[in-house]
Amino acid sequence: MEFKLSSAAFADGADIPARHTCDGEDLSPRLTWKGTPPGTRSLALVMDDPDAPRGTFTHWVVYDLPSDLTELGEGSTQGIQGRNSFGRSGYGGPCPPSGDRPHRYRFTLHALDVPTIALEHGTREQLEAKIDTHVLGTALLVGRYQRQPVRTH
Numbered sequence: 016m017e018f019k020l021s022s023a024a025f026a027d028g029a030d031i032p033a034r035h036t037c038d039g040e041d042l043s044p045r046l047t048w049k050g051t052p053p054g055t056r057s058l059a060l061v062m063d064d065p066d067a068p069r070g071t072f073t074h075w076v077v078y079d080l081p082s083d084l085t086e087l088g089e090g091s092t093q094g095i096q097g098r099n100s101f102g103r104s105g106y107g108g109p110c111p112p113s114g115d116r117p118h119r120y121r122f123t124l125h126a127l128d129v130p131t132i133a134l135e136h137g138t139r140e141q142l143e144a145k146i147d148t149h150v151l152g153t154a155l156l157v158g159r160y161q162r163q164p165v166r167t168h
């Protein structure tokens, strides 16, 4: 079975609802997955924006998720919440510059062959370096978001 990540909030390639962004409640969307590879001992999730003006911007880092988990509920704080590019732990929703073209937001779920990652509120870069040789499979979900230009009268 294919390792697949999805969300009830938006389809792959579709717009992320404002509820999950800085223009709404800034809650992480509910994510579900299936087809976790055999031998998986933990899971790690990264959400980033490759279209950010100053290079890839990390919105969410979560690791040490149990291997038998099949979903993260809306607003989830499960696992160890790593540090995002906003400089804080946990989820930080899409918030591209007003009037910028739509940005892509990649939710990447990694199935790992280790039960835990020895990081304390690690960044995406630290996590990726630690798991480099431990990834059994990866599932990807991409959403889009665009903020409207600010109107002045």
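Numbering (my numbering), first residue to last: 16 to 168. Where is the CB? At the ideal position from N, CA and C, for every residue including glycine. None of the values given here were measured: they were computed from a predicted structure.
Starting from the C-beta of T92, find all residues in its chain whose C-beta is less than 8 Å away, skip the five residues before and the five after it, and write them out in chain order.
Counting only Cβ-Cβ distances below 8 Å, and skipping sequence neighbours, we find G105.
Select from I132, T148, Q141, G88 the residue whose C-alpha is nearest the C-alpha of L58.
It is I132.
Write down every uninterrupted run of the alpha helix (DSSP H) in the segment 88 to 123 whose length is 4 residues or greater and which is fully enclosed by it, in chain order.
Runs of the alpha helix (DSSP H) inside the segment 88 to 123: none found.
From F25 to P32, what distance separates their C-alpha atoms?
Computed Cα separation, rounded: 7 Å.
Here's the rule I'm using: 16 or more other beta-carbon atoms within 10 Å means buried, otherwise exposed. How should D79 be labelled?
Burial call: buried.
Here's the rule I'm using: 16 or more other beta-carbon atoms within 10 Å means buried, otherwise exposed. How should H136 be labelled?
Classification of H136: exposed, given that the 10 Å Cβ count is below 16.
With distances taken Cα to Cα, identify the nearest neighbour of G90 among T71, D83, A67, G39.
Among T71, D83, A67, G39, the Cα nearest to that of G90 belongs to G39.
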